[in-house]
Amino acid sequence: MLSVIIPAYNEENCIMPAYTTIHSLLTENDITCEIIFIDDGSQDRTFDMISELSLKTENVVGLHFSRNFGKESAISAGLAAARGECAVVIDCDLQHPPEKIVEMYRLWEQGYEIVEGIKKERGQEKKMHSMGAKLFYSVISRMAGFDMANSSDFKLLDRKVVDVLNKMPERGFFRAISYWVGYNKTSVSYNVRERVAGESKWSTCGLIRYAFSNITSYSTAPMQIVTVLGVIMLVLSVILGVWALVDKIASRALEGMTTVIVITIFIGSIIMISLGIIGYYIARLYEEVKGRPKYIISSTVRSSKNKMV
Ligand code: UDP
Ligand code: MG
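Adding 657 to a residue's 1-based position in the sequence shown gives its number in my numbering.
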């Protein structure tokens with residue numbers, strides 16, 4: 658059985674089209690499936706739609722979060738609930754072409770343990786958004802040490818991989834973690850489609866925040882940059898110090914206050930940025946140490962034939 662994991666946040670108009678398209682496609686191709694919708698604390702009728710669907714169908718599971726925890730948490734909840742021999746994560750808005758699930762499934766049957774969806778084009782996204790996404794991935798790829806520019810959350814994972822991911826306690830970044838675990842991988846490429854309904858939940862600001870939090874969870878490079886900056890400043894200060902001493906000995910006192918002011922401001926700002934970066938890591942440590950759950954499920958619905966577990 659294939660578990661289809663669909664995170665949904667304020668997607669009342671996407672639930673039905675997503676279910677119908679994916680379900681009929683998989684049935685046509687003789688793939689048995691369960692469809693798990695994770696309602697990430699939507700304010701609209703998303704969960705009502707999922708509940709209705711679970712009454713009318715045989716293979717729907719719906720989880721409702723107590724508030725919005727973010728797509729990463731929704732994916733974690735989906736993976737924890739999945740009971741299939743393999744699981745695929747797909748967006749609710751059908752921007753990931755569902756036909757590709759069949760292609761991914763066939764590759765899984767051939768023995769691949771992770772089948773990644775690789776974006777060919779980013780579709781019709783806003784210019785700022787696609788620029789933001791490009792910048793985000795080029796920075797994070799460099800820092801995390803692998804190319805993530807065209808990767809997405811559209812992936813099919815074998816049961817083994819799902820079990821490994823379920824055991825990981827950290828708040829991860831699905832794309833990066835599923836790369837980190839290794840395994841026998843392959844990919845299929847796809848073109849990003851237009852949304853069937855609704856709007857993207859990402860603002861440029863949100864994307865930047867997301868980028869920063871993910872860079873800091875996968876890399877300590879920002880802290881190392883601070884060390885490198887410190888060394889550069891030390892070298893500069895030695896040079897300036899020697900220069901000042903030579904001037905002093907030759908009775909040519911250093912000219913004016915400007916140099917002093919510029920250096921003070923520069924050092925001050927570097928120190929503040931450095932403290933900020935270190936503070937960010939401490940905040941992340943604090944988050945992990947508290948050990949709060951990644952999400953809280955406030956209600957669950959299941960199609961009746963699915964009720965035994
Ligand atoms: N999503 C979610 N929680 C959030 C934001 C988004 O579960 O806080 C879901 C959303 O419902 C969709 C998927 O994640 O199924 C991708 O979101 P969106 O289409 O807004 O992102 P984009 O495609 O623009 O990257
Ligand atoms: Mg989308």
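Don't be surprised by glycine CBs; every beta carbon is placed ideally from N, CA and C.
- Contact check for D701 against E669 passes: the beta carbons are separated by less than 8 Å.
- Comparing C-alpha distances from F923 to each of L893, R852, P674, L902 shows the shortest one belongs to L893.
- In this structure, DSSP gives N823 a helical state, which the three-state scheme calls helix.
- Under the 10 Å beta carbon count, V885 is surrounded by fewer than 16 other beta carbons and is classified as exposed.
- Here the alpha carbon of Y840 sits roughly 12 Å from the alpha carbon of L813.
- Within a 10 Å sphere around the beta-carbon of M761 sit 16 or more other beta-carbons, which makes this residue buried.
- Comparing alpha-carbon positions, the option among F704, L710, S846, D705 lying closest to H680 turns out to be L710.
- A901: not part of any beta strand (DSSP E); member of the alpha helix (DSSP H) spanning 878-906, first to last residue.
- The C-beta distance from H753 to S809 rounds to 7 Å, short enough to meet the 8 Å contact threshold.
- Here N848 carries a strand assignment [DSSP, helix/strand/coil].
- By the CB criterion at 8 Å, S926 and V717 fall outside the cutoff.
- Per DSSP, the unbroken beta strand (DSSP E) holding I954 starts and ends at 954-959.
- T915 carries a helical assignment under DSSP once its states are collapsed to helix, strand and coil.
- A straight line joining the alpha-carbon of I920 with that of Y943 spans about 34 Å.
- Look at Q752: its beta carbon is less than 7 Å from one of the heavy atoms in the ligand UDP.
- Put simply, the segment 852-860 does not touch the segment 887-901. Fewer than three CB pairs are less than 8 Å apart.
- In terms of Cα proximity to V759, the closest of N871, A739, T678, R799 is T678.
- The alpha carbon of L891 has as its nearest neighbour, out of E715, S956, I928, the alpha carbon of I928.
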